[in-house]
Amino acid sequence: MRHFFKGLSGGKDSLALLHILLEKQKRSPVRFEVAACTIDPMTEAFDPSPLIPYIASLGVTYHYVKTPIFENAKSGSLEGTSICSYCARMKRGALYNCARKNGYTKLVLAQHLDDNAESFLMSLFHNGQLRSMKANYTEKKGDITVIRPLCYVREHDLKEFSYSAKLPVINDNCPACFQAPQERRRMKKLLAKEEAFAPNIFNAMRTALKPLLDEEILLQLADFTKAKRVKGRPPPSKRKRYTTRENQK
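Numbering (the numbering used here), first residue to last: 1466 to 1714.
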């Protein structure tokens, strides 16, 4: 039987997607099971443990993984990257490890259209690349497929659902996130400002982003860029890389 392994941070988006999967499970002619995993970074600023009894009440197979991400960062594992980027990378690695250990091959994440639009602008402005988060791709080892079913859904719709359904949303109060450069927040404000003048902007961006959500097209773009560099163009200067929020959401 097919299993969908849901990365569950406890935020509004991940909880909404979990309930969408459970509703689809009831109606789908194709049988599948849902499992979930939360990565606890073991910091006082973020405690997802209230999810444990809640997920148990739903009857969902649940994996709660504690990993001292912040302690490891303090001990020198950061290696020059920002704490947010490091945390996202470590959470993703922990999700992969849990999936492999338990035989799951479909990892489900909850990034939405607003996330994709923000990531696209950050990549365009700061890295000079036409990139966003892929909707469906295979992890480099080839044994796990990552899917993002909400890639065309607006954030405000997920927020409205989560709070109207009174889901136990876990707020992230990590001080490192608040102290770090808030580039994603700036992109969010920029898009909100433009949406006030052009209400159709996210529908337009959805259409524009569709090719970038496809793994094969992104690989073609990467090959094209590589070929350009081989022909003698100097590589781009080292720019600050912003995390694309590809974590356990």
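The beta-carbon is built from N, C-alpha and C at its ideal position, and this holds for glycine as well.
Using the DSSP secondary-structure output, state which residues sit across from residue i in a beta bridge.
i: ALA1721; result: Within the shown structure, residues of the chain are numbered from 1466 to 1714, placing residue 1721 beyond reach of any answer.
i: HIS1528; result: CYS1502
i: ARG1467; result: PHE1497
i: ASP1679; result: ASN1601
i: LYS1571; result: THR1610
i: PHE1585; result: Per DSSP, none; premise fails for PHE1585.
i: GLY1472; result: CYS1502
i: PHE1511; result: THR1508
Among the options, whose alpha-carbon lies nearest the alpha-carbon of residue i?
i: LYS1571; options: PHE1470, ARG1492 and HIS1577; result: PHE1470
i: ILE1609; options: MET1670, VAL1525 and GLY1558; result: GLY1558
i: ASP1580; options: PRO1614, PRO1506 and THR1503; result: PRO1614
i: TYR1628; options: ARG1565, SER1597 and LEU1480; result: LEU1480
i: ILE1635; options: GLU1488, GLU1620, THR1503 and LEU1486; result: THR1503
i: LYS1531; options: PRO1518, ALA1669, LEU1560 and GLU1681; result: LEU1560
i: ALA1562; options: MET1670, PHE1662, ARG1492 and HIS1528; result: The question names Ala, but residue 1562 is Asn in the sequence shown. The option with the nearest alpha carbon to ASN1562 is HIS1528.
i: GLU1681; options: THR1603, LYS1624 and VAL1618; result: THR1603
i: ILE1612; options: GLU1536, MET1598, HIS1621 and PRO1518; result: MET1598
i: GLU1660; options: ALA1553, ARG1619, THR1526 and LEU1623; result: ARG1619
i: ASP1622; options: ILE1534, VAL1525 and LEU1578; result: LEU1578
i: GLN1490; options: VAL1525, TYR1519, ALA1553 and ILE1534; result: VAL1525
i: PRO1533; options: ILE1520, GLU1509 and TYR1519; result: GLU1509
Where does residue i land, buried or exposed, given buried means 16+ other C-beta within 10 angstroms?
i: MET1652; result: buried
i: GLY1472; result: buried
i: PHE1643; result: The predicted model places PHE1643 with a pLDDT of 47, which falls under 50 and marks its position as unreliable; any figure quoted below should be read in that light. Exposed is the call here.
i: ARG1649; result: buried
i: PHE1667; result: buried
i: GLY1475; result: buried
i: VAL1495; result: exposed
i: MET1466; result: exposed
i: ARG1647; result: For the record, residue 1647 in the displayed sequence is Gln; it is not Arg. Counting Cβ neighbours within 10 Å, GLN1647 comes out exposed, since fewer than 16 surround it.
i: GLN1576; result: buried
i: PRO1506; result: buried
i: PHE1511; result: buried
i: ALA1673; result: exposed
i: LEU1589; result: exposed
i: LYS1477; result: buried
i: LYS1556; result: buried
i: LEU1523; result: exposed
i: ALA1501; result: buried
i: GLU1583; result: buried
i: ALA1553; result: buried
i: PHE1585; result: buried
i: PHE1535; result: buried
Could you check how far apart the C-beta atoms of residue i and residue j are, in whole angstroms? I think they sit under 8 Å.
i: VAL1573; j: LEU1482; result: 7 Å
i: CYS1616; j: ALA1630; result: About 21 Å separates the two Cβ atoms, so there is no contact after all.
i: ALA1538; j: TYR1551; result: 6 Å
i: ARG1596; j: LEU1677; result: 6 Å
i: TYR1569; j: HIS1468; result: 5 Å
i: PRO1664; j: TYR1519; result: Between TYR1519 and PRO1664 the Cβ distance is about 36 Å, and since that is not below 8 Å, they are no contact.
At the 7 Å Cβ level, is residue i part of the contact set with chain B, yes or no?
i: LYS1654; result: You won't find chain B in this structure, because it holds only one protein chain.
At a cut-off of 6 Å, is residue i close to the ligand ADP when judged by its beta-carbon and the heavy atoms of the ligand?
i: SER1493; result: The ligand ADP is absent from the structure shown, which contains no ligands of any kind.
Requested in this report: Please list the segments of the beta strand (DSSP E) lying wholly inside the stretch 1598-1631, counting only runs of 3 or more residues, in order along the chain.
Outcome: Every unbroken stretch of the beta strand (DSSP E) spanning 3 or more residues and falling wholly within the stretch 1598-1631 is given here in chain order: 1601-1603 and 1610-1612.
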